[in-house]
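Going by our numbering, the letters in the sequence shown line up with residues 41 to 433, in that order.
Beta carbons: idealized from backbone N, C-alpha and C, even for Gly.
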Amino acid sequence: MRHRKPVLATVAVLVLTLGGGLAAVQASTGAQAATTTLCQEQTASVGGGTYTVQNNEFDSSASECVTTDGNADFTVANSGIANATNGSPGAYPSIYQGCHWGNCSSGGLTSTPIQVSNLTSGKVTTSWSTTQPGGSNDYDVAYDIWFNQTPTTSGQPNGTELMVWLNHNGPVQPFGSEVASNVSLGGHTYNIWEGAQSSWDTVTYDMTSGATSVSGLDVGTLTQDMVSRGYTKTSWYLIDVEAGFELWQGGAGLATNSFSVSINGSNPSPSPSPTTTSPSPSPSPSPSPSQTSTGPGTCSGTYSVINSWSGGFQGQVVVKNTGSGTLNGWSLGWTFPSSATINSLWNGTYTQSGNTVTVTNASYDGSLAPGATATVGFTATGTNGSPSSVSCT
41 MRHRKPVLAT VAVLVLTLGG GLAAVQASTG AQAATTTLCQ EQTASVGGGT YTVQNNEFDS
101 SASECVTTDG NADFTVANSG IANATNGSPG AYPSIYQGCH WGNCSSGGLT STPIQVSNLT
161 SGKVTTSWST TQPGGSNDYD VAYDIWFNQT PTTSGQPNGT ELMVWLNHNG PVQPFGSEVA
221 SNVSLGGHTY NIWEGAQSSW DTVTYDMTSG ATSVSGLDVG TLTQDMVSRG YTKTSWYLID
281 VEAGFELWQG GAGLATNSFS VSINGSNPSP SPSPTTTSPS PSPSPSPSPS QTSTGPGTCS
341 GTYSVINSWS GGFQGQVVVK NTGSGTLNGW SLGWTFPSSA TINSLWNGTY TQSGNTVTVT
401 NASYDGSLAP GATATVGFTA TGTNGSPSSV SCT
């Protein structure tokens, strides 16, 4: 992948976007979900917050947009991109789990980046189904998997960029030069390319036989092969798994029909994205000041307001294991300082009595290693003031 700017504009929270401008929520009929349109560098949280769809048009000013229905899918709705095929693609519309330049989905790799030394076979697998129109369009169908030298998830990654090309159309090729051919790994055969970017290496595993889908692709198997070739260090961390299409020319009709990332054999699945009749929220550039409190147990909860709009807001609480042993189950408690009612919550189970809220872990995020975190997200109606403290036991 050529140099890519970070996605700057967060347009959609859950399945809502700003009205007007380049993004719009189109009303649906019957029981169908609303459709979100994303253009330029806009994003949408989908699948209950587990994944993020990003349009990520970074090296073109042509009209190019994607749509998503709030599930783990998206379609390139239109594209006027016409970049030279021997240079940088104009966009990488994609879906991801983890953190892309500090813009993070919830749970999974976001809360627990995985050190390469622990990224064994079967630790992280991913499945992806696509529609590929072919024709005169020039594009690739590629995973973009990012490693950082530290477990931080903010800013530009400084480790290795692992790309996995399922297929391509037109005269495009991976970045760098070919360093190995016909390498069999995990049931697939690849040609391997490598090239140095400004502050990281890009390593591409290009499938010798094009595919429209993969099931259970083993990230660890590819990563350990990179380690053996000297392209990745065991002390670095996996922070992001993305899947999408690099667009050089056109690309309308390309689609991700489904996408998932499984960690330790399970696919974290928060409750479905809530729907609401509240006005579309206006994204804030950064969370409001947060409250952190360490409870009598070995965990803490950090509360922050992520977005707010007239009559409602979106908040989150990050649970962290502050002890020296594994935390097996946790419970949060806080009291809103003014009238507020939660109407949807993910990555946990909640009860509310008046302004007092209690949240217990979900089945998939109750076990936290020392220093590990889990994130509870919610939407609420009412005033968005932060509680004076959050208990965690």
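Cut-off 7 Å between Cβ atoms - residues of its own chain near residue i, not counting five sequence neighbours on either side
i, result
"residue 246", "205, 214, 230, 231, 233"
"residue 260", "159, 160, 161, 162, 163, 164"
"residue 197", "186, 187, 188, 240, 279"
"residue 248", "222, 229, 230, 231"
"residue 253", "168, 169, 170"
"residue 297", "113, 169, 170, 171"
"residue 409", "361, 366"
"residue 353", "345, 347, 420, 424"
Beta-carbon separation (whole angstroms), residue i vs residue j, contact threshold 8 Å
i, j, result
"residue 107", "residue 75", "5 Å"
"residue 380", "residue 417", "That pair is no contact at about 15 Å."
"residue 157", "residue 275", "7 Å"
"residue 142", "residue 195", "6 Å"
"residue 368", "residue 406", "7 Å"
"residue 138", "residue 243", "Wrong, their Cβ atoms sit about 18 Å apart, outside the cutoff."
"residue 90", "residue 176", "About 35 Å separates the two Cβ atoms, so there is no contact after all."
"residue 150", "residue 193", "7 Å"
"residue 134", "residue 80", "With 8 Å as the limit, residue 134 and residue 80 do not qualify as a contact, their Cβ atoms being about 14 Å apart."
"residue 262", "residue 225", "6 Å"
Those residues which DSSP pairs with residue i across a bridge
i, result
"residue 286", "180"
"residue 437", "Given that the chain is displayed from residue 41 to residue 433, the structure contains no residue 437 and the question cannot be resolved."
"residue 273", "Partner(s): none; residue 273 has no beta bridge."
"residue 373", "398, 431"
"residue 91", "86"
"residue 363", "In the DSSP output, where bridge partners are listed per residue, residue 363 has none listed."
"residue 355", "345, 418"
"residue 205", "182, 246"
"residue 294", "Residue 294 is not bridged to any residue."
"residue 368", "407"
"residue 104", "119"
"residue 132", "In DSSP, residue 132 forms no bridge with anything."
"residue 380", "422"
"residue 196", "Answer is none; residue 196 lacks a bridge partner."
"residue 389", "400"
"residue 138", "280"
"residue 413", "360"
"residue 126", "Paired residues: none, contrary to the question."
Own chain, CB closer than 6 Å to residue i, minus 5 neighbours either side, in chain order
i, result
"residue 277", "153, 155, 188, 191"
"residue 428", "none"
"residue 358", "342, 413, 415"
"residue 402", "387, 388"
"residue 183", "204, 283"
"residue 425", "377, 378"
"residue 255", "167"
"residue 178", "125, 210, 212, 288, 289"
"residue 122", "289"
"residue 335", "Here the model assigns residue 335 a pLDDT of 40, short of 50, so the residue's position is not dependable, and the following value carries that caveat. Closer than 6 Å at Cβ, skipping near neighbours: 431, 432, 433."
"residue 235", "215, 216, 242"
"residue 92", "83, 85, 136, 145"
"residue 202", "185, 243"
"residue 104", "97, 119, 121, 131"
"residue 46", "Its pLDDT being 45, under 50, residue 46 is placed unreliably by the model, and the measurement read from it follows with that caveat. Only 141 meet the Cβ criterion."
"residue 208", "180"
"residue 220", "232"
"residue 250", "207"
"residue 299", "112, 135, 168, 283"
Beta-carbon contacts of residue i that lie in its chain and below 8 Å, excluding the five residues immediately before and after
i, result
"residue 382", "390, 392, 397, 418, 419, 420"
"residue 322", "Residue placement at residue 322 cannot be trusted, given a pLDDT of 34 that sits under 50; what the coordinates show is reported in the next sentence. Within the same chain, residue 322 has close Cβ partners 58, 347, 348, 349."
"residue 218", "231, 232, 233"
"residue 286", "41, 129, 131, 132, 179, 180, 182, 212"
"residue 67", "In this predicted model, residue 67 has a pLDDT of only 33, less than 50, meaning its place in the structure is not dependable; the value taken from the coordinates is given anyway. Within the same chain, residue 67 has close Cβ partners 74."
"residue 339", "359, 360, 361, 362, 363, 367, 370, 408, 432, 433"
Task: Every unbroken beta strand (DSSP E) inside the region 146-185 [3 residues or more] - done: The qualifying runs are 164-171.
Open item on the list: Between the region 256-271 and the region 100-113, can you find at least three pairs of beta-carbon atoms closer than 8 Å?
Closed with: No, because fewer than three Cβ pairs between the region 100-113 and the region 256-271 fall closer than 8 Å, the two stretches do not touch.
Open item on the list: Taking contact to mean 3 or more Cβ pairs, one atom from each stretch, closer than 8 Å, check whether the region 115-123 and the region 289-304 are in contact.
Closed with: Yes, the region 115-123 touches the region 289-304.
Task: Cβ contact (3+ pairs, closer than 8 Å) linking the region 91-103 and the region 128-139 - done: Yes: the two stretches touch, three or more of their Cβ pairs being nearer than 8 Å.
Task: Continuous alpha helix (DSSP H) assignments of at least 4 residues falling wholly in the region 213-282 - done: Counting only runs of 4 or more, we get 259-268.
Open item on the list: Is it the case that the region 365-385 contacts the region 393-401, given that we only count it when at least three CB pairs across the two stretches are under 8 Å?
Closed with: With the cut-off at 8 Å, the region 393-401 and the region 365-385 touch.
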